[in-house]
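Here is the structure we will look at, set down as structure tokens.
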Amino acid sequence: MALLELANVETAYGGHITVLRGVSLQVEEGLLMVLLGANGAGKTTLLRTVSGLIPDQPEKGRIRFAGQDVTRWEPEAVARLGLAHVLDRRGVFPELTVEENLRLGAYARRDEAAVRADLDWVHGLFPILAERRRQQAGLLSGGEQQMLVIARALLGRPRLLMLDEPSIGLAPRFVEQIFETLLRIKEQGTALLLVEQNARLALRVADYGYVLETGRLVLEGPPGELAANRNVRELYLGVE
Ligand code: ATP
1 MALLELANVE
11 TAYGGHITVL
21 RGVSLQVEEG
31 LLMVLLGANG
41 AGKTTLLRTV
51 SGLIPDQPEK
61 GRIRFAGQDV
71 TRWEPEAVAR
81 LGLAHVLDRR
91 GVFPELTVEE
101 NLRLGAYARR
111 DEAAVRADLD
121 WVHGLFPILA
131 ERRRQQAGLL
141 SGGEQQMLVI
151 ARALLGRPRL
161 LMLDEPSIGL
171 APRFVEQIFE
181 TLLRIKEQGT
191 ALLLVEQNAR
201 LALRVADYGY
211 VLETGRLVLE
221 GPPGELAANR
231 NVRELYLGVE
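Counting from 1, one number per residue, gives the positions in the sequence shown under full-length UniProt numbering.
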């Protein structure tokens, strides 16, 4: 059974602006899935629907995660099952230190020894966070803050990590580093669902991809297949 499964999901804002129009997709355990789509296609809405951030949505359809029907659950309840949604790097607490921010990701855990081991692991993934552990998080660069919010999510030991455009606005060296890290997170057993504008890079790391257009999935397949598709090439890869 898939770790996450959406079946005919329909989401509307304010009860009348329908954004997702019957979306069915699956995220398998331990794989990196990418969701492509133009601005306004509904990618962010899809992630927010899954994590319970849009009250009383989806209007129709079912969402299953980790063996349970989580449709219209509260965000905290879905998170407890092992779903982490990295919203935005502005989600760092600027007045707190890097270390304090990281520890917030483990607030629900009582296994201090394992938390410390996980801190070491994320410090290995992002050495800059170890170097800056005592600095205020607000002093980090945008790329470093992005690393911090990903690392903080990992400290909750999620089974699925959902990321919304982690590369946006970052210098290329940070983008490369973050994508490299996504592969290492996957190797450690966490599944990933990645929304990404940088289709070229996303298709290089993904195991499987979906393309969303105005609230409907129009295409899916392994990255090689998507990259060979004419529409994907024109719309998302900028090649004829
Ligand atoms: P982008 O890459 O631009 O974020 P996206 O694919 O993530 O695009 P969404 O942010 O999910 O798309 O937005 C899909 C549609 O839903 C857009 O038309 C947007 O205007 C609308 N929308 C998003 N949030 C709300 C909201 N809170 N209330 C009403 N409409 C919304």
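The beta-carbon is built from N, C-alpha and C at its ideal position, and this holds for glycine as well. In this text, all values refer to a predicted model and were calculated from it rather than measured experimentally.
Between the Cα of residue i and those of the options, spot the shortest distance and give me the residue it belongs to.
i	options	result
Glu-165	Arg-216, Ile-178, Gly-156	Ile-178
Gln-103	Arg-159, Val-195, Val-149, Thr-44	Residue identity differs from the one stated: residue 103 is Arg in this sequence, not Gln. When each option's Cα is compared against that of Arg-103, the closest is Val-149.
Pro-55	Ala-228, Thr-71, Leu-201	Thr-71
Ser-167	Leu-87, Ser-24, Val-27, Pro-127	Leu-87
Glu-76	Leu-226, Glu-112, Thr-44, Pro-158	Pro-158
Leu-4	Arg-204, Leu-203, Asn-229, Asp-69	Asp-69
Rounded to the nearest angstrom, what separates residue i and residue j at their Cα positions?
i	j	result
Val-122	Glu-29	21 Å
Ile-132	His-16	Checking the displayed sequence, the identity of residue 132 turns out to be Arg instead of Ile. Between Arg-132 and His-16, the C-alpha separation is close to 46 Å.
Thr-97	Gly-124	18 Å
Gly-238	Leu-182	24 Å
Arg-200	Gly-169	16 Å
Val-27	Met-162	11 Å
Thr-44	Ala-137	25 Å
Asn-229	Val-9	25 Å
Leu-140	Glu-95	11 Å
Glu-176	Leu-31	19 Å
Helix, strand or coil, according to DSSP, for residue i in the structure here?
i	result
Gln-57	coil
Ile-168	coil
Arg-152	helix
Leu-81	coil
Ala-12	strand
Gln-197	coil
Ala-191	strand
Val-239	coil
Leu-3	coil
Glu-29	coil
Glu-76	helix
Thr-18	strand
Thr-45	helix
How about residue i and residue j: do their beta carbons lie closer than 8 Å?
i	j	result
Leu-20	Gly-215	yes
Leu-6	Ser-51	no
Val-34	Leu-212	no
Gly-142	Arg-62	no
Gly-105	Ala-153	yes
Met-1	Gly-91	no
Any beta-carbon of chain B closer than 8 Å to the one on residue i?
i	result
Ala-202	Of the protein chains in the structure, only one exists, and it is not chain B.
Margin query: So within the region 110–150, which uninterrupted alpha helix (DSSP H) runs reach at least 4 residues, ignoring any that extend past its ends?
Written below: Counting whole runs of 4 or more residues, the region 110–150 contains the alpha helix (DSSP H) stretches 112–125, 127–131.
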